[in-house]
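Since the structure comes first, as structure tokens, the remarks are kept for the end.
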Amino acid sequence: MVIIQGLISFILHIDEHLVDIIQNFGVWSYAILFLIVFIETGVVVFPFLPGDSLLFASGAFAASGAFQLGLLMLVFFVAAVLGDTMNYQIGKKVGTSIPPNSLLGKWINQDKLHKSQEFFNKHGGKTIVIARFMPFIRTFAPFVAGASKMNYRYFITYNIAGAALWVTLATLLGYFFGNIPIVKDNFSTVLLLIIFVSILPGIISVLKSRFKK
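For the sequence shown, my numbering assigns the number 143 to the initial residue and increments by one for each residue that follows.
Structure (structure tokens):
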């Protein structure tokens, strides 16, 4: 419970936490941001780490001079590509036949995993790109791609394209709009809105399937 509350606080007040990270770690802040994005995209049991909100907030800090924009985007891009690649390899080795009662099975949200499989089967390779903008599915999609034995050259093409789009759009949105007074004064609300917009496609998909039933 305490861990969950801490994560929610980190996501909603990510601007304040970034200030602490920058002040305490200086240039090593880039490494910390790299690790957060790498783990969020690369380890299937950590889909709840901040993604879109972290990129947006970091872009806003880059506009104020705390980060060098080009280096920041490169760090995020490499982390996102390597994260998905590792997740793909894990899926390829482990597969989706994980016993629900096993240690890994308990950590992995089986419902989200099955939804990602359905999404993957419906949209094919485009899922790797589309999933970049959808929390949770972003983490499960490369795992499912690996488990489905998707051709690696095919996967890496979509992986690179999706990472480039995601990092560019999310970071530049923060860079250009994050320091506008109304946004800056309501940063937590803006981050909640970003998260809501990110999960909206998933909500629509669930509603459509229920209406069909």
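We put the CB at the ideal spot given by N, CA and C, even for glycine. If you're wondering where the values come from, they're calculated on a predicted model, not measured in any experiment.
{"Query": "Could you say if the segment 164-178 and the segment 217-227 meet the contact criterion of at least three C-beta pairs nearer than 8 Å?", "Result": "yes"}
{"Query": "What do you get for Y95, buried or exposed, if any count of 16 or more other CB atoms within 10 angstroms of its CB means buried?", "Result": "With the chain covering only 143 through 355, there is no way to say anything about residue 95."}
{"Query": "Take V309 and list the residues in its own chain whose beta-carbon comes closer than 8 Å to its own, dropping the five residues that flank it on each side.", "Result": "L197, M215, F218, F219, A222"}
{"Query": "Check the C-beta distance from V271 over to A303 and give it rounded, since I have them as a contact under 8 Å.", "Result": "6 Å"}
{"Query": "Nearest to A273 by alpha carbon, out of D226, V169, S206, N293?", "Result": "D226"}
{"Query": "If distances are taken between C-alpha atoms only, which option among V185, D194, I322 comes closest to N229?", "Result": "V185"}
{"Query": "Would Y300 be called buried (16 or more neighbouring beta carbons within 10 Å of its own) or exposed?", "Result": "buried"}
{"Query": "Distance, Cα to Cα, K326 vs V286?", "Result": "38 Å"}
{"Query": "Is V144 helix, strand or coil by DSSP?", "Result": "Only weak support is given to the placement of V144: the predicted model assigns it a pLDDT of 49, under 50, and the value that follows is read from those uncertain coordinates. Helix at V144."}
{"Query": "Please state whether DSSP places N328 in a helix, a strand or coil.", "Result": "coil"}
{"Query": "If we count the other Cβ atoms within 10 Å of its Cβ and call it buried at 16 or more, is D194 buried or exposed?", "Result": "buried"}
{"Query": "Spatial neighbours of I232 within its chain, please: CB distance less than 7 Å, with the 5 preceding and 5 following residues excluded, ordered by chain position.", "Result": "V186, F285, G288"}
{"Query": "For G233, which three-state DSSP category applies?", "Result": "helix"}
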